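S.K.: Dropping a structure here in structure tokens format, bear with me for questions.
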């Protein structure tokens, strides 16, 4: 790996870390009341478990709109926090766990990259671990106190283990992530492509076993509440009628489709997003015989899932393991396109946030108006994480095509 080929990945990672630190400062100023709000949801849900209260009716003081949304059995993981005298010692411990998850994920990505032939210097190592721990995509999760860094580690570990033929571990770990957020279950598609039937079986067995244990511990009525409140209650949260609002912090193909086809029903827009990613996944799935092809396949699986669904910005790290490894494993034009995608995705902000930033600049009123008018259509049509993910997917397609062309010429 040449020094010039490291330059763009380094810039992309460094910018992501700097924007992460900026985001922490900005959130502490603009949203001080939401600090640790997700953790408080977990804390008071765990208290409800210990007291026999209403798990899905528990609310943090001062935050009636925030409630527990995971399966009942997952609340047991938060019970140790509720044994502490107040939420704040638990939040500190929880934050340490999430930071450790980021460090572990970054370290795992480095090992994968090196195993696939990447030559990394100390600066590259620091940037990869820093990006997985403190980047703009991770910092909101640390600020709110949610579990996305740990879920990203779980999915990353599952990808590594299935590649090492440690199928049972891969399946159980993927099932654990899917138990929390549901949609990571789509990683099972990657297991199927690898013909890792043991991983599929382990995932199904672990998931079904956990749900049966949950019903045995909490009862059927609590699970009906889970389905009504957490699953069915969230299906219609994203309004696509007339085009998705540019103020929603979501990256999804449903946004440009809803903006382009304003009269289309929501189901058609949702179906269109799925149809749009199928050719990319199918193309990259045609061959997974080399290490790079398997990394590409793992990335497109998770990335396609994220952009087909209405994914919050904080879900971007779920693809970190293959993303960070591919930054240094890809070569030539595919690497440049992929790294450019990571760089663009770092601008994980909505139109209102960008407009506020522009208005703070020391510009004449006329120049401010021109700048706001210029960015409005860009951020209305899609968000930078979506633009960036599309570029990353394009880099993957280029990498697969170049390898097949080279193989055919050999």
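Numbering (my numbering), first residue to last: 33 to 442.
Yeah, the Cβ is synthetic: ideal placement off N, Cα and C, and Gly gets one too.
On a predicted model such as this, the values are computed, not experimentally measured, just so you know.
In the DSSP assignment, find the unbroken alpha helix (DSSP H) run with residue 47 in it and report its ends.
M.R.: Taking the chain shown and counting its residues from 1, one reaches residue 47 at position 15. That run of the alpha helix (DSSP H) goes 35–62.
S.K.: Using a 10 Å radius around the Cβ and a threshold of 16 neighbouring Cβ atoms, would you call residue 299 buried or exposed?
M.R.: Residue numbering aside, residue 299 sits at position 267 when the chain shown is read from its first letter. Flag for residue 299 reads exposed.
S.K.: Figure out for me which residue from 314, 343, 286 and 323 has the closest Cα to the Cα of residue 332.
M.R.: Residue 332 sits at position 300 when you count from the first residue of the chain shown. Residue 332 has its Cα closest to that of 314, out of 314, 343, 286 and 323.
S.K.: Just the Cα atoms here: how many angstroms apart are residue 316 and residue 362?
M.R.: Start at 1 with the first residue of the chain shown, and residue 316 comes out as number 284. Start at 1 with the first residue of the chain shown, and residue 362 comes out as number 330. If you take the alpha carbons of residue 316 and residue 362, they lie about 14 Å apart.
S.K.: Residue 293 by DSSP, collapsed to three states: which one?
M.R.: Residue 293 sits at position 261 when you count from the first residue of the chain shown. Reduced to three states, the DSSP call for residue 293 is coil.
S.K.: Can you check whether the CB of residue 219 is closer than 8 Å to the CB of residue 237?
M.R.: Mapped onto the chain shown, residue 237 falls at position 205. Mapped onto the chain shown, residue 219 falls at position 187. No, the Cβ-Cβ distance between residue 237 and residue 219 is not below 8 Å.
S.K.: Would the region 385–402 count as touching the region 293–311 if we require 3 or more Cβ pairs under 8 Å?
M.R.: These segments do not touch.
S.K.: Three-state secondary structure (DSSP) at residue 175?
M.R.: Position 143 of the chain shown holds residue 175. Note: residue 175 maps to helix in three-state DSSP.
S.K.: Measuring alpha carbon to alpha carbon, tell me which of 374, 399 and 428 ends up nearest residue 51.
M.R.: For the purposes of this step, residue 51 is identified with residue 19 of the chain shown, where counting begins at 1. The shortest Cα separation from residue 51 among 374, 399 and 428 belongs to 374.
S.K.: When DSSP builds the beta bridges, which residues end up paired with residue 282?
M.R.: Locating residue 282 in the chain shown gives position 250, counting from the first residue. Answer is 344, bridged to residue 282.
S.K.: Please return the same chain residues whose Cβ sits closer than 6 Å to the Cβ of residue 162, not counting the five positions on each side in sequence.
M.R.: To locate residue 162, count along the chain shown from 1; it is residue 130. Only 49 meet the Cβ criterion.
S.K.: When we look at the beta-carbon of residue 57 and count the other beta-carbons within 10 Å, is it buried (16 or more) or exposed?
M.R.: Here residue 57 refers to the residue found at position 25 when the chain shown is read from its first residue. Per the 10 Å Cβ criterion, exposed.
S.K.: How about residue 110 and residue 88: are their beta carbons less than 8 Å apart?
M.R.: Counting from one through the chain shown, the residue named residue 110 turns up at place 78. Counting from one through the chain shown, the residue named residue 88 turns up at place 56. Not in contact: residue 110 and residue 88 (Cβ atoms no closer than 8 Å).
S.K.: In this structure, does DSSP put residue 20 in helix, strand or coil?
M.R.: Given a span of 33 to 442 for the chain in the structure shown, any question on residue 20 remains unanswerable.
S.K.: Output the boundary residues of the alpha helix (DSSP H) element that contains residue 303.
M.R.: Along the chain shown, one-based indexing puts residue 303 at 271. Here the alpha helix (DSSP H) through residue 303 covers 298–317.
S.K.: Would you tell me roughly how many angstroms separate the C-alpha atoms of residue 364 and residue 435, rounded to the nearest one?
M.R.: Counting from 1 along the chain shown, the entry for residue 364 is found at position 332. Counting from 1 along the chain shown, the entry for residue 435 is found at position 403. Going from the Cα of residue 364 to the Cα of residue 435 covers about 12 Å.
S.K.: Could you give the DSSP three-state label for residue 387: helix, strand or coil?
M.R.: Residue mapping note: residue 387 aligns to position 355 of the chain shown, counting from 1. It is helical.
S.K.: For residue 54, is the classification buried or exposed, using 16 other Cβ atoms within 10 angstroms of its Cβ as the cut-off for buried?
M.R.: Your numbering for residue 54 matches position 22 in the chain shown. By the 10 Å Cβ count, residue 54 comes out exposed.
S.K.: How about residue 352 and residue 175: do their beta carbons lie closer than 8 Å?
M.R.: Numbered from its first residue, the chain shown carries residue 352 at position 320. Numbered from its first residue, the chain shown carries residue 175 at position 143. Result no, Cβ atoms of residue 352 and residue 175 do not sit closer than 8 Å.
S.K.: Examine the Cβ distances between the region 83–100 and the region 252–267 and report whether three or more of them are shorter than 8 Å.
M.R.: Cβ pair count under 8 Å is three or more, so yes.
S.K.: Measure the CB-CB distance between residue 356 and residue 160 and report whether it falls below 8 Å.
M.R.: Here residue 356 corresponds to residue number 324 of the chain shown, with the count starting at 1. Here residue 160 corresponds to residue number 128 of the chain shown, with the count starting at 1. Yes; because the gap between Cβ atoms is below 8 Å, this pair is in contact.
S.K.: When the Cα of residue 425 is compared with those of 342, 377, 438 and 396, which residue comes out closest?
M.R.: Counted from its first residue, the chain shown places residue 425 at position 393. The shortest Cα separation from residue 425 among 342, 377, 438 and 396 belongs to 377.
S.K.: Pairs of beta-carbons, one from the region 188–205 and one from the region 227–245, closer than 8 Å: are there three or more?
M.R.: Touching, yes.
S.K.: Can the beta-carbon of residue 71 be found less than 8 Å from the beta-carbon of residue 177?
M.R.: Working through the chain shown from its first residue, we reach residue 71 at position 39. Working through the chain shown from its first residue, we reach residue 177 at position 145. Closer than 8 Å, so yes.
S.K.: May I have the straight-line CA-CA distance separating residue 235 from residue 127, to the nearest angstrom?
M.R.: Position 203 of the chain shown, counted from the first residue, corresponds to residue 235. Position 95 of the chain shown, counted from the first residue, corresponds to residue 127. Each residue's alpha carbon lies about 28 Å from the other.
S.K.: Within a Cβ cutoff of 8 Å, which residues of the same chain sit near residue 148, ignoring the five residues on either side of it in sequence?
M.R.: By 1-based counting over the chain shown, the position of residue 148 is 116. Result list for residue 148: 323, 324, 327, 357 and 361, in chain order.
S.K.: On a Cα-Cα basis, can you pick out the residue from 334, 61 and 37 that is closest to residue 183?
M.R.: Here residue 183 corresponds to residue number 151 of the chain shown, with the count starting at 1. Among 334, 61 and 37, the Cα nearest to that of residue 183 is on 334.
S.K.: Between residue 366 and the rest of its own chain, which residues show a CB-CB distance below 8 Å, the 5 nearest in sequence each way excluded?
M.R.: As a first step, residue 366 must be located in the chain shown, where it is residue number 334. Hits under 8 Å: 427, 428, 430, 431 and 434.
S.K.: Any heavy atom of the ligand FMN closer than 7 Å to the beta-carbon of residue 381?
M.R.: Absence of the ligand FMN is noted for the structure shown, with no ligands found whatsoever.
S.K.: Residue 74 lies in the alpha helix (DSSP H); which residues open and close that run?
M.R.: The count along the chain shown starts at 1 and reaches residue 74 at position 42. Start and end: 69–83.
S.K.: Let me confirm a value: residue 405 is counted as buried when at least 16 other C-beta atoms fall within 10 Å, else exposed. Which label applies?
M.R.: Here residue 405 corresponds to residue number 373 of the chain shown, with the count starting at 1. So residue 405 counts as exposed.
S.K.: Does DSSP put residue 153 in a helix, in a strand, or in coil?
M.R.: Walking along the chain shown from the start, residue 153 turns up at place 121. Coil.
S.K.: Rounded to a whole number of angstroms, what is the C-alpha to C-alpha distance between residue 379 and residue 171?
M.R.: One-based indexing of the chain shown puts residue 379 at position 347. One-based indexing of the chain shown puts residue 171 at position 139. Computed Cα separation, rounded: 13 Å.
S.K.: Straight-line CA distance for residue 195 to residue 208?
M.R.: Taking the chain shown and counting its residues from 1, the one referred to as residue 195 is at position 163. Taking the chain shown and counting its residues from 1, the one referred to as residue 208 is at position 176. Looking at the two C-alpha atoms, the distance is approximately 18 Å.
S.K.: If we call anything under 8 Å between Cβ atoms a contact, is residue 415 one with residue 437?
M.R.: Walking along the chain shown from the start, residue 415 turns up at place 383. Walking along the chain shown from the start, residue 437 turns up at place 405. Contact flag unset, no.
S.K.: Does the contact criterion of 3 or more C-beta pairs under 8 Å hold for the region 184–192 versus the region 131–138?
M.R.: Yes, since at least three Cβ pairs between the region 184–192 and the region 131–138 fall closer than 8 Å, the two stretches touch.
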